[in-house]
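Each residue of the sequence shown is one higher than the one before, starting from 1 at the first, in full-length UniProt numbering.
The C-beta atom is built at its ideal place from N, Cα and C for all residues, glycine as well.
All values reported here derive from a predicted model rather than from experimental measurement.
Step one of this worksheet: look at the structure below.
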Amino acid sequence: MVATKTPKKTTKKKTSKTRNQKKLVIVESPSKAKTIEKYLGSTYKVVASIGHVRDLPKSTLGVDVDDDYKPKYINIRGKGPVIKDLRKAAKNAKTVYLASDPDREGEAIAWHLQHILELNPEDANRVVFNEITKDTVKNAFKTPRQINQDLVDAQQARRIIDRLVGYSISPILWKTVKRGLSAGRVQSVALGLIIAREREIQAFQPEEYWTIDSDFKKGRSKFQSSFYGFDGKKQALPDNESVQKVMARLDKDAPFNITKVTAKERKRQPQAPFTTSTMQQTANTQLKFRTRKTMMTAQQLYEGVNLGKGLGQVGLITYMRTDSTRLSSTAKNAAAHFIHDTWGEEYSRHKPIQRALQEGAQDAHEAIRPTDVNRTPDSIKDKLTPDQFKLYSLIWSRFVASLMTPEVLDTMAVTIEQNGVLFHANGSKTKFPGFTKAYPAAKQKDNALPDLAEGDQVSLAKTNPEQHFTMPPARYSEAALIKALEENGVGRPSTYAPTLDTIQRRNYVRLDARKFVPTELGEIVQNIVEEKFPDITNTKFTAQVEHELDEIEVGDEQWVPVVDSFYKPFSKEVDSAEKTLEKITMHDELAGQDCEVCGAPMVIKMGRYGKFYACSRFPDCRNTKAIVQEIGLTCPKCKKGQVVERKTKRGRKFYGCSRYPECDFVTWDKPTEKTLADGTNPDQDKKGKKKAKS
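If you want it as structure tokens, here you go:
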């Protein structure tokens, strides 16, 4: 009998294509992609969409107002190669995840990606995380969800309303003033606040008042005090006559009596961790950062910084667009251990401060905080740029301080009297530093009074009557304007930076000593908008629109009725403005010099990059000159021209020779007589390369 072979059981082999397929993750930026890919491992491929891929067209309105405001989205010009690569990667992927930022705009980006990649809307492929750390990212991929259409609709409604406003009002401004102008909901309110403040300043009538500050001595100790009043009652000093009445009652050679001493212990609680707006405000006041710079630097810290061998790309802070001061229990526990181990139990707060949410806050994300409290600023300073280090230090300090015990101050209030004339002195001294250990910028300076008791006598060392005048309200800084917009419920965390940027680019305002000053053009535009579109500049109306957008986000409103209720009355205002507005002529300011080509007067004009001199006979004569400011120094290179202040296209100051291009001397740093006398060449770096180019 012949033996037969038992046939082997065959199994279907996986093709190499199936084995090699990876899960595709799409984020917005390459740096974020790099950080996340490191955490997810080799089975994932992470790519970047480089922001939005679809939007409304720039050349037309792109909204069908007769068909429920249906938007007409198109692929953004220049994004063709990116979209092509994304489609190819999605086609070859095992699964596609959409991991754009965890806010309305990020949800909209994911929705648009879903459309262009033809993904199934029913798939749970949306992944969100508030911080880019290994555990948080990996956990987020365990619980993907479907795209939240309410979030998309809220963002879509905002985009459509802003498009309807901008593309309706802008052509009217072009027709009546000049081309290139624009108006918008939030920017018009911001501009209105700046102009209203300027009007207050111009209408302000200063009032005279006087103070009498005096130095008193007890033994060798001196302390300051201020006049309070007569015979136990507070008394104002409106003029010199009232001051002389006080001085007439004083006997400078006689002792003064300490009639009341009030000593108390006062506690200063730490501030909450940062929201977007408080971070922008604090970075502006403490670090002198412009709002756009703050957000750009925060984005870098969020998306990830290379911390070197063994760590690689690491996200250092949580998501930086938030209106919440809430902190996760994990973050609070980690901070409590850090505080206890670093400074001791007495610095660690056992019961957290209960903080009320600001009215209108969405509370969608945690406050801005470090992703790892043990990663102190000094420990990674050499891995950060100077700007990254400054902002990270600010965020880290504020977060840690918010969970620490209060600063304790010993305070003393003293009343000094002679012949019925009263002076008051106040002093304080730190008894326990508390949260200021982590946040030194918040520490108050000690102003301790000497040991004083009721019945003590002190002598007058010096008295200084001084005339003053009341001051007008201050112009808005970037920090103050953001605070005002937030208090009025106008805009949201992501809108402040682009709003401030727009009103400056349009030349509606300029910065003078870091304060906003409206231009003539800004006032003309605002007057038109205020007269013809009063709702657009009304803070309460704009805040109500923001509230309705929030209602759409949580599913309590539908986006089409919200847009419709806004647009119907607004469209009537547009029709009326088109019929009634007349051309406004802006007169050029005379420059005080004649044209070198034709002899006609030169005028000052405003261009894309600021003011310049131009011939008044334009277009017959096209002579133009840059406006430069001499700093009183002769050019150190050619010895003929003057050093003048100039600006780059981005508005950054630099210094160069007035004979450019014949002489190419240029520097970022302002030269002084000393640097030139020392032979310093400020236009060269250590390697001899130019640091600035005109």
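{"Asked": "Own chain residues within Cβ distance below 8 Å of Ala453, not counting five before or after", "Found": "Ile258 and Val261"}
{"Asked": "Within 8 Å, strictly: CB atoms of Arg321 and Asp66", "Found": "no"}
{"Asked": "Residue interval of the alpha helix (DSSP H) (run including Tyr167)", "Found": "Gln149 to Thr176"}
{"Asked": "4-residue-minimum alpha helix (DSSP H) runs that sit fully inside the region 304-344, ordered along the chain", "Found": "329-343"}
{"Asked": "Close Cβ partners of Ala591 (< 8 Å) along its chain, the five nearest in sequence each way excluded", "Found": "Pro601, Met602, Val603, Ile604 and Tyr613"}
{"Asked": "Test item: CB-CB of Arg506 and Ser188 under 8 Å", "Found": "no"}
{"Asked": "Simplified DSSP state of Asp363, which is helix, strand or coil", "Found": "Because the pLDDT at Asp363 is just 47, under 50, the model does not fix this residue reliably, and the point stays unresolved."}
{"Asked": "With 16 other Cβ atoms within 10 Å as the buried cut-off, status of Pro370", "Found": "buried"}
{"Asked": "Sequence-distant residues of the same chain with beta carbon closer than 7 Å to Asn139, five excluded per side", "Found": "none"}
{"Asked": "Limits of the beta strand (DSSP E) - the one that Asn527 falls within", "Found": "Careful: Asn527 lies outside any beta strand (DSSP E), inside the alpha helix (DSSP H) at Glu520 to Lys532."}
{"Asked": "Below-8 Å beta-carbon distance, Thr405 vs any chain C residue", "Found": "In summary, chain C is missing from the structure at hand, where a single protein chain is found."}
{"Asked": "Distance, Thr376 Cα to Glu270 Cα", "Found": "Before going further, note that residue 270 is Pro rather than Glu in the sequence given. C-alpha separation (whole angstroms): 19 Å."}
{"Asked": "Whole-angstrom distance between Leu307 and Arg197, CA atom to CA atom", "Found": "46 Å"}
{"Asked": "For Pro433, the three-state DSSP class (helix, strand or coil)", "Found": "coil"}
{"Asked": "Where Leu98 sits in the DSSP three-state scheme", "Found": "strand"}
{"Asked": "Inter-residue Cα distance where the pair is Gly632 and Val643", "Found": "7 Å"}
{"Asked": "Which residues DSSP lists as bridging residue 695, in chain order", "Found": "With the chain represented from 1 up to 694, any question about residue 695 goes unanswered, as that position is not in the structure."}
{"Asked": "Nearest-angstrom beta carbon gap, Ile109 and Glu37 [assumed within contact, 8 Å]", "Found": "The pair is not a contact, with the Cβ atoms about 19 Å apart (cut-off 8 Å)."}
{"Asked": "Pair within 8 Å by beta-carbon distance, Val243 and Trp210", "Found": "yes"}
{"Asked": "Proximity winner among Thr634, Ala626, Val628 and Cys595, relative to Phe618 (alpha-carbon distances)", "Found": "Cys595"}
{"Asked": "Spatial distance of Ser100 from Cys621 (CA atoms)", "Found": "53 Å"}
{"Asked": "Contact set for Ser59: own chain, Cβ-Cβ below 6 Å, skip 5 residues either direction", "Found": "none"}
{"Asked": "Distance CB(Ala336)-CB(Ser328) smaller than 8 Å", "Found": "no"}
{"Asked": "Unbroken alpha helix (DSSP H) run spanning Met247, endpoints", "Found": "Asn240 to Arg249"}
{"Asked": "Lys431 beta carbon less than 8 Å from that of Leu460", "Found": "no"}
{"Asked": "Contact between the region 546-564 and the region 199-210 (3+ Cβ pairs under 8 Å)", "Found": "no"}
{"Asked": "Of the residues Ile76, Asp382, Leu191 and Ala93, the one placed nearest Thr502, counting alpha carbons only", "Found": "Leu191"}
{"Asked": "Span of the beta strand (DSSP E), counted from its first residue to its last, around Gln457", "Found": "Gln457 to Phe469"}
{"Asked": "Option in Ala124, Phe223 and Lys32 with minimal Cα separation from Val314", "Found": "Lys32"}
{"Asked": "Same chain only: Cβ atoms within 8 Å of Pro493, ignoring 5 sequence neighbours per side", "Found": "Thr275, Thr276, Ser277, Arg321, Thr322 and Asp323"}
{"Asked": "Beta-carbon gap between Val63 and Pro57 smaller than 8 Å", "Found": "no"}
{"Asked": "Assigned exposure category for Met295 - 16 Cβ within 10 Å defines buried", "Found": "buried"}
{"Asked": "Cut-off 8 Å between Cβ atoms - residues of its own chain near Asp363, not counting five sequence neighbours on either side", "Found": "With a pLDDT of only 47 at Asp363, under 50, the local geometry of the prediction cannot be trusted, and no value is derived from it."}
{"Asked": "Rounded C-alpha distance that separates Val46 from Val25", "Found": "5 Å"}
{"Asked": "Proximity below 8 Å, CB of Ala497 to CB of Arg185", "Found": "no"}
{"Asked": "Contact check, Arg179 vs Leu61, beta carbons under 8 Å", "Found": "no"}
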